[in-house]
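In what follows, a single structure is set out as structure tokens and then discussed.
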Amino acid sequence: MKNSDKLRLIAYLGRFTIIHLISYAVIAVVFLQLQNALPETKRIALDFYQPFGLFDLQAFAGQILRGIAFALIFYPFYNLIFRNNNGRVLLFASMWGLALFGSVEPQPGSIEGIIYTTTSFAEHAFVLIGVGIQMLVFVWIFFKWELHTSDSKSLKAAFELLPNRKKIKGYTIRFTIVHLITYWVIGSIFYEIAGYKDALDSMEVFELWRPLENLPAVFLVFGGQIFRGILLALLLYPFYHCYIVKKNGWALLYLLLAGLTILGSPIFLREFIAFEGTASESFESLIIGLPEIFSQMLIFSLIFFFWQKRVERKQMIYES
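Per my numbering, the sequence shown starts with residue 2, numbered consecutively.
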């Protein structure tokens, strides 16, 4: 990478992180005022997960890391996002739809949180609205600043958020099938080898989890993952033509999927840098879940990319 490219990347990272931190702090002030006004019995999950925090070094450090993570994830897709009018919609959908609603964290505001925890509808809605407003503010300010600092003073014509719609049905079906298979198979393997049962019985975070040993819960998990798979497929589709043509496009897909749904979570990086208790307890909390989700998404990205690549080749042969 040339020195000029390095300087541009550093400046971009700085702008992204600063605006992300400012938008977070502004919304946190309002969010926490409203949260504290709720009765304690109505904000149990909000108090536990703490999606917003003020005057908390750990929370701000986590948000700085989150801003840097977002910026690095989007950098390979810079022209797709920041040189088009529809880029604002794509950036918001990625930072809100994928990083919060589609997150792997069973937190308030996520599909996983709806499936696995007893968090109330009001708490889910509270976080979805709060983070949604934060991301709207961020996207508006960042695009203004980015356009001002760029050589071009106007954005290109808008690209289609769902290009080549004839492919979407097959693409979404394949995406969802691979998502379900890798989710269940990798999850089952890690449940057996990683000591999840003991963790469920002992770790405080699992106290908010709903009982899963009944038929309605099984249907909720299965149906919820079908919905989540379809949502992830559609929200990632605008990036499709950026990675499918690349030899190592699976790595770009993995960057998007794992980066946004794991690192993009409002609470993941804050919890990751929180070393509470003894060193062994901190290590135990890290290994519960992390190897599973990173492995599942890596295997998903490889299988889906090469399956989709094969479909693309067959379509090209058929059309020729």
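Every residue gets a Cβ at the ideal spot worked out from N, C-alpha and C, and that includes glycine. Because the structure is a prediction, the values reported are computed rather than measured.
Host alpha helix (DSSP H) of residue i (start-end)
| i | result |
| --- | --- |
| Y50 | 45-50 |
| N4 | 4-38 |
| V128 | 122-150 |
| A252 | 250-259 |
| W89 | The amino acid occupying residue 89 in the given sequence is Arg; Trp does not appear at that position. Per DSSP, R89 belongs to the alpha helix (DSSP H) from 88-93. |
| G114 | 112-117 |
| I74 | 58-75 |
| R271 | 269-273 |
| I263 | Per DSSP, I263 belongs to no alpha helix (DSSP H) and is neither H nor E. |
| F83 | 79-83 |
Residue i versus the options, residue with shortest Cα-Cα distance
| i | options | result |
| --- | --- | --- |
| L33 | F127, F305, S302, H180 | F127 |
| V30 | G114, F56, L8, L39 | F56 |
| I74 | M317, T262, V27 | T262 |
| W185 | L216, L47, S151, S296 | S296 |
| G98 | L81, I134, E124, I28 | I134 |
| N86 | I231, Q36, E147, R16 | E147 |
| L237 | I115, G103, K145 | G103 |
| N165 | Y241, H21, L35 | Y241 |
| T1 | Y244, S5, L213, R175 | Because residue 1 is not part of the residues shown, which for the chain are 2 to 321, the question remains open. |
| F1 | N37, I294, H21, Y244 | The displayed coordinates of the chain run from 2 to 321. Any statement about residue 1 would go beyond what the structure contains. |
| G260 | Q51, Y25, I69, L14 | I69 |
| Y117 | G224, D6, Q316 | G224 |
| A234 | E208, S95, L58 | S95 |
| E208 | G114, L91, K7 | G114 |
| I178 | Q316, Q309, L22 | Q309 |
| F93 | G15, P239, E293 | P239 |
| K247 | I28, P77, F83 | P77 |
| W141 | P217, V222, D6, S24 | S24 |
| K167 | I190, V222, S121, E313 | E313 |
| H149 | Y13, K315, K7 | Y13 |
| F228 | L181, I28, L8, L81 | L181 |
| F257 | S5, F83, G171, A72 | Looking at the sequence itself, residue 257 is Leu, so the reference to Phe does not match. When only C-alpha atoms are compared, the closest one is A72. |
| G171 | R311, L221, G131 | R311 |
| S151 | R175, A218, Y79, F191 | Y79 |
Nearest-angstrom Cβ-Cβ length linking residue i and residue j, presumed shorter than 8 Å
| i | j | result |
| --- | --- | --- |
| L101 | L137 | Wrong, their Cβ atoms sit about 13 Å apart, outside the cutoff. |
| I112 | T173 | The Cβ separation is near 16 Å, so there is no contact. |
| F17 | F143 | 7 Å |
| I20 | F139 | 6 Å |
| S266 | Q108 | 7 Å |
| M317 | Y255 | Contact doesn't hold; Cβ gap of about 24 Å is too wide. |
| G188 | E106 | Not quite, the Cβ-Cβ distance comes to about 15 Å (not below 8 Å), so this is no contact. |
| L291 | R67 | Their Cβ separation, rounded to whole angstroms, is 16 Å, which puts L291 and R67 out of contact at 8 Å. |
| I28 | G110 | 13 Å between Cβ atoms; not a contact. |
Beta strand (DSSP E) runs wholly inside the segment 164-248, at least 3 long, in chain order: Counting whole runs of 3 or more residues, the segment 164-248 contains no beta strand (DSSP E) stretch at all.
At least three beta-carbon pairs within less than 8 Å, the segment 50-69 to the segment 259-271: Between the segment 50-69 and the segment 259-271, the count of C-beta pairs closer than 8 Å reaches three or more; the two stretches touch.
Segment contact flag, the segment 241-257 with the segment 300-319, C-beta cutoff 8 Å, min 3 pairs: yes
Inter-stretch contact (C-beta, 8 Å, three-pair minimum) for the segment 114-127 and the segment 37-50: yes
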